[in-house]
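Asker: In the UniProt record's numbering, the protein residues as written are 1 to 975.
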């Protein structure tokens with residue numbers, strides 16, 4: 001019932017009203033008002049919502065009516081809103097056929113809301129209203145309140161109809177074994193973060209229940225249940241308890257036989273508990289979803305009995321309070337029974353003796369299968385596993401080499417784990433289905449056909465066959481290869497066991513591959529000259545190499561022996577650098593280089609994996625290769641170029657030739673009208689973040705484990721590859737995080753996860769290779785920047801960004817800039833000042849610019865004079881852009897004078913000064929916000945590159961004769 005109006009003092013009708021007992025006795029004014037108005041109040045527990053629902057709904061309804069009245073007239077005071085809402089409820093809400101006002105006052109108000117007494121005297125609550133509109137305002141306000149009340153009542157009826165359900169009746173009996181629900185407080189415990197999540201603890205015994213019976217004699221749910229846990233007396237709500245299972249009761253009976261014999265009386269319990277205190281935990285009532293979650297073993301660890309191997313040490317009160325959710329202690333009171341003494345004595349004896357640990361490592365919980373009921377087990381057991389001598393064989397072949405065998409014996413467990421991991425990648429025919437076996441038979445047949453067609457093995461007569469110890473073995477590697485459409489196909493690869501080769505350590509293994517700079521320059525040359533770029537993939541590349549120059553013998557696989565028409569296990573001579581040999585990649589490169597030079601291509605000095613086709617000094621085409629992936633750039637319709645391509649297609653066996661859009665080394669290359677676009681739209685989908693639980697997030701300074709550091713290296717390595725290929729804006733931050741791995745903390749993991757999320761949000765960005773007009777004079781600009789002492793070890797970071805652009809950029813115009821190469825790395829030596837770091841970055845940036853100019857000059861004009869490479873570099877214009885006044889001022893002088901505090905820095909700048917004289921490299925200064933390399937040195941400094949990307953990969957060199965810094969520019973603009 002809502003608080004009655006003042007005239008209730010004239011009527012002494014007693015009223016019984018329930019209220020929330022959580023804070024009962026704290027508000028003396030409310031208690032005195034109840035006595036004054038003759039209202040009897042009884043207390044209910046605040047968790048028993050089925051008893052105080054009327055009070056809670058009345059409070060909620062009052063608030064809703066007040067809110068709607070406030071929306072009707074925002075000028076009303078809170079007192080007026082509360083008065084009107086209370087009046088509406090007291091006069092219009094129907095309870096057992098009458099309104100609260102009728103229950104208390106014995107009558108309903110009139111049309112003006114007044115209670116007219118029987119006498120003719122003026123009523124005590126007469127309204128003092130004037131004819132200036134107060135009466136109409138009051139009537140309208142009362143009407144709005146009654147309207148809001150009617151809407152709220154309709155909503156309540158609908159809500160009750162929707163949520164109506166049967167509330168279970170709990171009939172716990174004294175002495176019953178139960179488990180009780182606890183929610184960990186946010187300030188207690190080390191593992192639980194707090195909040196509504198909790199779990200069941202126990203077991204405990206029911207001491208008494210506060211239950212009642214209705215008129216029919218049926219049990220009504222009690223508001224509180226008293227349980228005993230060890231020496232603790234707890235007051236719980238029925239919704240917190242669950243009965244123990246049969247298995248839990250048996251375990252408790254076996255663990256505490258003395259307690260089972262004790263009679264459950266109040267006197268016995270009072271003697272065992274002692275004192276006059278109890279703990280009220282009845283407010284921690286779980287929700288239905290939490291109740292169900294806590295009883296699923298896969299979601300929550302279930303309560304289990306632990307066997308403690310020694311006596312428990314006495315915990316301090318603070319420790320016991322902090323660990324109440326971590327480890328439940330079962331303390332036993334002084335008991336004269338022999339069972340208790342024997343049980344306590346037996347716990348001090350264990351495998352570890354008296355000094356055995358009592359920590360978590362000494363606790364052993366029962367197995368999960370003990371919870372399975374008997375009827376859930378199969379009626380008939382497997383005959384195989386009924387045999388006590390049954391076993392399972394796991395066959396892992398030991399290495400045959402002495403070194404490999406020694407490593408296996410040094411760490412046999414690690415060898416087994418590594419072998420099992422490799423088995424997870426490779427496939428075994430023993431575990432294949434008939435359909436999979438058929439698919440791999442076809443894949444093997446294709447591989448055997450390639451070996452036979454390439455004449456990889458030579459059949460030897462018996463008198464020329466060496467001893468079997470001089471021949472190496474061969475094996476199959478079976479894997480699934482994922483197609484672009486998401487399906488998979490069987491792939492079989494026959495490899496030689498190259499580690500069995502006696503001359504293993506004496507063979508050359510270094511094989512060159514195409515660099516990122518070569519890829520960018522080749523695409524830039526193709527877009528500038530309007531060439532068509534094609535991509536070809538050689539099938540079974542190593543089998544198409546030249547004749548193997550050394551003498552090597554092999555025992556092929558039985559399938560290959562059968563195809564060759566020789567018995568299985570026959571010794572043959574190796575004629576091709578097959579897969580598995582340590583020098584196979586180098587032999588393949590030599591074969592390709594030899595053939596291309598025979599066709600008239602010349603290998604470039606700047607990159608051994610790039611070949612140029614010239615006729616009378618004119619460039620007609622370019623070829624670059626990365627193992628068996630090749631890029632061909634030439635003019636469509638050129639007779640000379642087309643004839644060379646046809647000869648290449650005839651010499652090797654190729655897969656599909658692709659153009660316009662293809663994938664080269666994980667990078668999607670698409671030729672568009674304005675040049676090329678490079679991207680990796682799906683690469684980061686395979687990179688996953690590192691999971692960090694809520695407890696560890698609270699302590700970000702905690703060091704990482706070895707497993708987390710391994711995960712951190714894998715995560716940052718994946719992002720680093722993406723940054724090196726198409727995302728320069730990630731280079732600085734991923735490099736700084738990689739330098740923290742050895743001393744990483746939880747904060748490092750969180751920042752790495754944030755970086756991954758940022759990278760995934762931009763993984764659809766595309767890097768542009770601009771198509772300049774044939775008349776454009778292409779030059780190269782190197783933006784260099786440095787951040788001093790920004791690494792964990794005190795080192796400095798340099799950022800270098802080299803782009804190909806129009807020479808008009810030197811006059812201050814906005815021009816297209818193609819990214820050619822970029823670096824964000826640690827400076828080799830320690831830098832004492834920011835000026836020293838900037839000087840190092842400038843020198844290293846000019847060194848990279850020198851290499852880029854040299855390679856572009858060789859592409860355009862042919863082989864350079866290696867005794868005078870400056871002549872080739874001088875033919876291509878270059879510029880170094882810095883935002884350091886110190887570096888710029890020293891290099892703009894006629895002669896660089898070695899003086900000052902850091903003479904080594906001045907000596908290092910002499911290399912750049914010499915390049916100014918020999919290669920005509922230019923120097924420019926820009927403020928920091930126009931420095932494109934600023935993104936490559938600082939964590940979170942991506943503003944410049946974002947602007948560069950939004951401008952369509954265009955930039956300008958800001959001209960400023962006053963050389964005003966970015967900070968001063970902001971001050972001037974703001975003023």
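Ideal Cβ placement from N, Cα and C applies to all residues, glycine included.
Buried or exposed: which applies to residue 160, given that a residue is buried once 16 or more other Cβ atoms fall within 10 Å of its Cβ?
Answerer: Taking the chain shown and counting its residues from 1, the one referred to as residue 160 is at position 160. Counting Cβ neighbours within 10 Å, residue 160 comes out exposed, since fewer than 16 surround it.
Asker: Does residue 249 come out as helix, strand or coil in the three-state DSSP assignment?
Answerer: The residue given as residue 249 occupies position 249 in the chain shown. Of the three classes helix, strand and coil, the one that applies to residue 249 here is helix, per DSSP.
Asker: Rounded to the nearest angstrom, what separates residue 243 and residue 163 at their Cα positions?
Answerer: Stepping through the chain shown from its first residue, residue 243 is reached at position 243. Stepping through the chain shown from its first residue, residue 163 is reached at position 163. One C-alpha to the other measures close to 26 Å.
Asker: Under a Cβ-count criterion, where at least 16 other Cβ atoms within 10 Å of its own Cβ denotes burial, should residue 884 be classed as buried or exposed?
Answerer: Against the chain shown, residue 884 aligns to sequence position 884. Answer is buried; the Cβ neighbour count reaches 16.
Asker: May I have the straight-line CA-CA distance separating residue 178 from residue 204, to the nearest angstrom?
Answerer: In the chain shown, residue 178 corresponds to position 178, counting from 1. In the chain shown, residue 204 corresponds to position 204, counting from 1. Rounded to whole angstroms, residue 178 to residue 204 spans 5 Å at the Cα level.
Asker: Could you tell me whether any non-hydrogen atom of the ligand SAH is closer than 8 Å to the CB of residue 718?
Answerer: Because no ligand of any kind appears in the structure shown, any question about the ligand SAH cannot be addressed here.
Asker: I'd like to check one pair, residue 517 with residue 473: are the Cβ atoms closer than 9 Å?
Answerer: Counted from its first residue, the chain shown places residue 473 at position 473. Counted from its first residue, the chain shown places residue 517 at position 517. No, they are not a contact pair.
Asker: Quick check: what's the CA-CA separation for residue 852 versus residue 915?
Answerer: Position 852 of the chain shown holds residue 852. Position 915 of the chain shown holds residue 915. Answer to the nearest angstrom: the Cα atoms are 14 Å apart.
Asker: Look at the alpha carbon of residue 755 and the alpha carbon of residue 861, and state the distance between them as a whole number of angstroms.
Answerer: Counted from its first residue, the chain shown places residue 755 at position 755. Counted from its first residue, the chain shown places residue 861 at position 861. Residue 755 and residue 861: Cα-Cα distance of roughly 43 Å.
Asker: Looking at C-alpha atoms only, which residue of 819, 73, 704, 546 is the closest neighbour of residue 454?
Answerer: Here the question's residue 454 lines up with position 454 in the chain shown. Of the candidates 819, 73, 704, 546, the one whose C-alpha sits nearest the C-alpha of residue 454 is 546.
Asker: Give the range of the beta strand (DSSP E) segment to which residue 1036 is assigned.
Answerer: The chain is shown from 1 up to 975; residue 1036 falls before or after that span and cannot be answered.
Asker: Considering only the beta carbon of each residue, do residue 768 and residue 796 sit closer than 9 Å?
Answerer: Position 768 of the chain shown, counted from the first residue, corresponds to residue 768. Position 796 of the chain shown, counted from the first residue, corresponds to residue 796. Not closer than 9 Å, so no.
Asker: Helix, strand or coil for residue 779 per DSSP?
Answerer: As a first step, residue 779 is located in the chain shown; it is residue number 779 there, counting from the start. Strand.
Asker: Out of curiosity, what's the CA-to-CA distance linking residue 103 and residue 79?
Answerer: Here residue 103 corresponds to residue number 103 of the chain shown, with the count starting at 1. Here residue 79 corresponds to residue number 79 of the chain shown, with the count starting at 1. One C-alpha to the other measures close to 25 Å.
Asker: What separation, rounded to the nearest whole angstrom, lies between the Cα atoms of residue 558 and residue 569?
Answerer: Position 558 of the chain shown holds residue 558. Position 569 of the chain shown holds residue 569. In a straight line, the C-alpha of residue 558 is about 7 Å away from that of residue 569.
Asker: Please report whether the beta-carbon of residue 610 lies at a distance below 9 Å from any beta-carbon of chain B.
Answerer: The structure shown contains no chain B; it is built from a single protein chain.
Asker: Does DSSP classify residue 213 as helix, strand or coil?
Answerer: Counting from 1 along the chain shown, the entry for residue 213 is found at position 213. Looking at residue 213 - three-state DSSP - the assignment turns out to be strand.
Asker: Does DSSP classify residue 24 as helix, strand or coil?
Answerer: For the purposes of this step, residue 24 is taken as the residue at position 24 of the chain shown. Confidence at residue 24 is low in this model, with a pLDDT of 46, below 50, so its placement is unreliable and no value can be given for it.
Asker: My assumption, with CB atoms under 8 Å, is that residue 229 sits in contact with residue 280. Please give the rounded CB distance.
Answerer: On the chain shown, residue 229 is found 229 positions in, with the first residue counted as 1. On the chain shown, residue 280 is found 280 positions in, with the first residue counted as 1. About 14 Å separates the two Cβ atoms, so there is no contact after all.
Asker: So if DSSP puts residue 536 in a beta bridge, which residue, or which two residues, is it bridged to?
Answerer: Along the chain shown, one-based indexing puts residue 536 at 536. Answer is 630.
Asker: In three-state terms, what does DSSP make of residue 879?
Answerer: As a working mapping, residue 879 is identified with position 879 in the chain shown. Strand.
Asker: Use the C-beta contact count for residue 773: other C-beta atoms within 10 angstroms, 16 or more gives buried, fewer gives exposed.
Answerer: One-based indexing of the chain shown puts residue 773 at position 773. Exposed: under 16 other Cβ atoms inside 10 Å.
Asker: So, with DSSP's three-state summary, where would you put residue 898?
Answerer: Here the question's residue 898 lines up with position 898 in the chain shown. DSSP places residue 898 in coil when its eight states are reduced to three.
Asker: Would you kindly report the start and end of the unbroken alpha helix (DSSP H) that includes residue 81?
Answerer: Counting from one through the chain shown, the residue named residue 81 turns up at place 81. That run of the alpha helix (DSSP H) goes 78-92.
Asker: In whole angstroms, what is the alpha-carbon distance linking residue 964 and residue 541?
Answerer: Residue mapping note: residue 964 aligns to position 964 of the chain shown, counting from 1. Residue mapping note: residue 541 aligns to position 541 of the chain shown, counting from 1. Using only the alpha carbons, I get a separation of about 58 Å.
Asker: Between the stretch 874-889 and the stretch 824-838, do at least 3 Cβ pairs fall closer than 8 Å?
Answerer: At 8 Å Cβ cutoff, the stretches touch.
Asker: Taking only the alpha-carbon atoms, compute the straight-line gap between residue 609 and residue 428 and give it to the nearest angstrom.
Answerer: Your numbering for residue 609 matches position 609 in the chain shown. Your numbering for residue 428 matches position 428 in the chain shown. Their Cα atoms are separated by approximately 38 Å.
Asker: Rounded C-beta distance between residue 859 and residue 619? I'm assuming under 8 Å.
Answerer: Taking the chain shown and counting its residues from 1, the one referred to as residue 859 is at position 859. Taking the chain shown and counting its residues from 1, the one referred to as residue 619 is at position 619. With 8 Å as the limit, residue 859 and residue 619 qualify as a contact, their Cβ atoms being about 7 Å apart.
Asker: In whole angstroms, give me the CA-to-CA distance for residue 507 and residue 550.
Answerer: On the chain shown, position 507 is the one that residue 507 refers to. On the chain shown, position 550 is the one that residue 550 refers to. Cα-Cα distance, rounded: 10 Å.
Asker: Between the beta-carbon of residue 937 and the beta-carbon of residue 807, is there less than 9 Å?
Answerer: Counting from one through the chain shown, the residue named residue 937 turns up at place 937. Counting from one through the chain shown, the residue named residue 807 turns up at place 807. Cβ atoms of residue 937 and residue 807: not closer than 9 Å.
Asker: If you follow the beta strand (DSSP E) that residue 567 is part of, which residue opens it and which one closes it?
Answerer: Looking up residue 567 in the chain shown gives position 567. No beta strand (DSSP E) holds residue 567; DSSP gives it neither H nor E.
Asker: Does the pairing of the stretch 525-536 with the stretch 590-604 give three or more beta-carbon distances under 8 Å?
Answerer: As far as the Cβ criterion goes, the stretch 525-536 does not touch the stretch 590-604, which means the pair count is below three.
Asker: Taking 8 Å as the threshold, find out whether the stretch 917-930 comes into contact with the stretch 707-716 through three or more Cβ pairs.
Answerer: Not touching, per the Cβ criterion.
Asker: Residue ranges of each alpha helix (DSSP H) run of no fewer than 4 residues wholly in the stretch 381-444, ordered along the chain?
Answerer: Listed in chain order, they are 383-386, 402-410, 412-425.
Asker: With three or more beta-carbon pairs closer than 8 Å as the criterion, would you say the stretch 813-828 touches the stretch 756-766?
Answerer: Because the criterion of three Cβ pairs below 8 Å is not met, the stretch 813-828 and the stretch 756-766 do not touch.
Asker: Would residue 957 and residue 930 be called neighbours here (beta carbons separated by less than 9 Å)?
Answerer: Walking along the chain shown from the start, residue 957 turns up at place 957. Walking along the chain shown from the start, residue 930 turns up at place 930. Yes, the Cβ-Cβ distance between residue 957 and residue 930 is below 9 Å.
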